[in-house]
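Peer 1: Residue numbers (my numbering), protein chains in the order written: chain R, 82 to 288; chain Z, 82 to 288.
Sharing a structure below in structure tokens format, with a few things to ask.
Number of protein chains: 2
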Amino acid sequence: MFEQKGILFILSGPSGVGKGTVRERLFEQDTELKYSVSATTREARPGEEHGVHYFYKSHEEFESMIEQNELLEHAQYVNNYYGTPRAYVEEQLNLGNDVFLEIEVQGAMQVKENFPEGVFIFLFPPSLDELKNRIVNRGTESNDLVMNRLKEAKKEINMMSEYDYVVVNDDVNRAVSKVQAIITSEHCKRERIETEYKTILEDDLNA
Amino acid sequence: MFEQKGILFILSGPSGVGKGTVRERLFEQDTELKYSVSATTREARPGEEHGVHYFYKSHEEFESMIEQNELLEHAQYVNNYYGTPRAYVEEQLNLGNDVFLEIEVQGAMQVKENFPEGVFIFLFPPSLDELKNRIVNRGTESNDLVMNRLKEAKKEINMMSEYDYVVVNDDVNRAVSKVQAIITSEHCKRERIETEYKTILEDDLNA
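Put into structure tokens, the structure is as follows:
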């Protein structure tokens, strides 16, 4: 009766923050969540399946997807393209499945541009002291390099403003249960369900 | 390090929807949540404590609280006043405690006016069919009365628009865990923590 479209959740944050671990643990616990399957031009490795691990594309196909705006984000590593096909995400959402995407900050910002209705979760470093120590206490580095790293860290933290939620990764299990709480509560948001509930009620009452 | 102000959560919804049961079950599980202590002009019953069960006030004191806008909401039942003192709520929030208020729809709307930064949760009837059946199938009632009840139900459902979240009370445990998820995820909202996180970081990096 209360069927809802799925929601796209994007988990991102500075490199090294532990996005991959949080995502793995989350998928161990939530078997209904769909992981966003990426497209790539790299060759399938033994055991990998098209449509499960990746959608394997030729360079020409991939570039045509870029041109047709069929990707929520894409990037190039070494000589291969990687990207998130919009079609797969929308198909799953229309089936009522939530889709989960774990991605670097830059990719997340591309997704935000192409799919602003997604729910963006920023994974925050376990401790700011640690972050500072990592930056400042690399004794061998020049002052200039330290200053650059400080700037970079500040830039990354400032990206936080583009996100809907911030989860501190002080403990993987705690972070995972916060992400799960966000998923649950997003489905309870009034603006997502109001129209549908009211329509059902009107239909019911007029029946 | 990441200390946050508490949040006021308001659980409301049509009468008979099961607000009280959800609140009781929630408090069995979450011992850190503070229940909002009401003020009243009725006499303390044996075993009741001032500041625990109620803040006991004279009619004069209560009316002065109304005049001074010291109540987030109030109502009169029989010959007594009942209301939610703003001071208690704010004190708890400043201590970093979440405060929970379970209240009728009309009271919730008063709270919303006086404390819009609260998080408003609408508890939805277990099933709309049931609601419809309850309204239509009271065989003995006149058509006019049925029509009036239908209108009333529609009005109540329309109040939903004033809320942040809607939780269907199809199963008490499920409803409670949804409310808990909302509490957890509200604390992860970027706008609640951004300034603080950034300030801490700046302080850290400049130290």
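For each residue, glycine too, the CB sits at the ideal point set by N, CA and C.
Give a yes or no on contact between the stretch 153–169 of chain Z and the stretch 266–283 of chain R, applying the rule of three or more CB pairs nearer than 8 Å.
Peer 2: no
Peer 1: Can you tell me whether DSSP reads Z/F278 as helix, strand or coil?
Peer 2: Note that residue 278 of chain Z is Tyr in the sequence shown, not Phe. Assignment of Z/Y278 by DSSP, reduced to helix, strand and coil, places it in the helix class.
Peer 1: In the DSSP output, which residue or residues are listed as bridge partners for R/L107?
Peer 2: None; R/L107 has no bridge partner.
Peer 1: 8 Å is my cut-off, CB to CB: does R/S242 come that close to chain Z?
Peer 2: Under the 8 Å criterion on CB atoms, R/S242 is classed as interfacial with respect to chain Z.
Peer 1: Let me see if you follow: with CB-CB separation under 8 Å, is R/K86 close to chain Z or not?
Peer 2: no
Peer 1: On a Cα-Cα basis, can you pick out the residue from Z/F136, Z/G101, Z/P166 that is closest to Z/Q149?
Peer 2: Z/P166
Peer 1: Note down, in chain order, every chain Z residue with its Cβ under 7 Å from the Cβ of R/V248.
Peer 2: Annotation: Cβ neighbours of R/V248 in chain Z (cutoff 7 Å, chain order): C269.
Peer 1: How would you list, in chain order, the residues of chain Z whose beta-carbon sits under 8 Å from the beta-carbon of R/F205?
Peer 2: Y278
Peer 1: Tell me the residue span of the alpha helix (DSSP H) that contains Z/Y246.
Peer 2: Element bounds for Z/Y246: not the alpha helix (DSSP H) but the beta strand (DSSP E), 246–249.
Peer 1: Out of Z/N250, Z/Q157, Z/L107, Z/I238, which one is the CA nearest neighbour of Z/G264?
Peer 2: Correcting the residue type first, residue 264 of chain Z is Ile in the shown sequence and not Gly. Nearest option by C-alpha distance: Z/L107.
Peer 1: Tell me whether Z/M82 is buried or exposed, calling it buried when 16 or more other Cβ atoms sit within 10 Å of its Cβ.
Peer 2: Per-residue confidence for Z/M82 stands at a pLDDT of 47, beneath the threshold of 50, marking its modelled position as unreliable; the derived number appears in the next sentence. Classification of Z/M82: exposed, given that the 10 Å Cβ count is below 16.
Peer 1: Could you spell out where the beta strand (DSSP E) holding R/I184 opens and where it closes?
Peer 2: That residue, R/I184, is in no beta strand (DSSP E); it is neither H nor E in DSSP.
Peer 1: Could you give the DSSP three-state label for Z/K235: helix, strand or coil?
Peer 2: helix
Peer 1: Considering only the alpha carbon of each residue, which of Z/K100, Z/E109, Z/T112, Z/S117 lies closest to Z/G199?
Peer 2: Z/S117
Peer 1: Out of R/V98, R/G87, R/Y169, R/L89, which one is the CA nearest neighbour of R/D251?
Peer 2: R/V98
Peer 1: Determine whether the Cβ of Z/T122 lies closer than 8 Å to any Cβ atom of chain R.
Peer 2: Judged by the 8 Å Cβ criterion, Z/T122 is not in contact with chain R.
Peer 1: Would you report the Cα separation of R/E130 and R/T122, rounded to the nearest angstrom?
Peer 2: 14 Å
Peer 1: Using three-state DSSP, classify R/F201 as helix, strand or coil.
Peer 2: strand
Peer 1: On the three-state DSSP scale, how would you describe Z/E272?
Peer 2: helix
Peer 1: Report the rounded CA-to-CA distance for R/S96 versus R/P207, giving the unit in angstroms.
Peer 2: 12 Å
Peer 1: Is it right to say Z/V186 is buried, meaning 16 or more other beta carbons lie within 10 angstroms of its own, or is it exposed?
Peer 2: buried
Peer 1: What does the alpha-carbon distance come out to for the pair Z/V260 and R/K236?
Peer 2: 35 Å
Peer 1: Return yes when the Cβ of Z/A120 is within less than 8 Å of the Cβ of Z/F136, no when it is not.
Peer 2: yes
Peer 1: In the DSSP output, what is R/G164 paired with across the bridge?
Peer 2: R/A120, R/H155
Peer 1: Just mark R/D85 as buried or exposed, buried being the case when its beta carbon has 16 or more other beta carbons within 10 Å.
Peer 2: For the record, residue 85 of chain R in the displayed sequence is Gln; it is not Asp. Looking at its Cβ environment, which holds fewer than 16 other Cβ atoms inside 10 Å, R/Q85 is exposed.
Peer 1: Go ahead and label Z/D245 buried or exposed: buried means 16 or more other beta carbons lie within 10 angstroms of its beta carbon, across all protein chains shown.
Peer 2: buried
Peer 1: Within this structure, are the beta carbons of R/I238 and R/I91 separated by less than 8 Å?
Peer 2: No, the pair does not count as a contact, with Cβ atoms beyond the cut-off.
Peer 1: Under the rule that 16 or more other beta-carbon atoms within 10 Å means buried, what is Z/R104, buried or exposed?
Peer 2: Classification for Z/R104: buried.
Peer 1: Quick check on the DSSP output: the beta strand (DSSP E) that includes R/F143 runs from which residue to which?
Peer 2: From DSSP, R/F143 is part of no beta strand (DSSP E) but of the alpha helix (DSSP H) over 140–148.
Peer 1: Please classify R/G94: is it buried, with 16 or more other beta-carbons within 10 angstroms of its beta-carbon, or exposed?
Peer 2: Burial call: buried.
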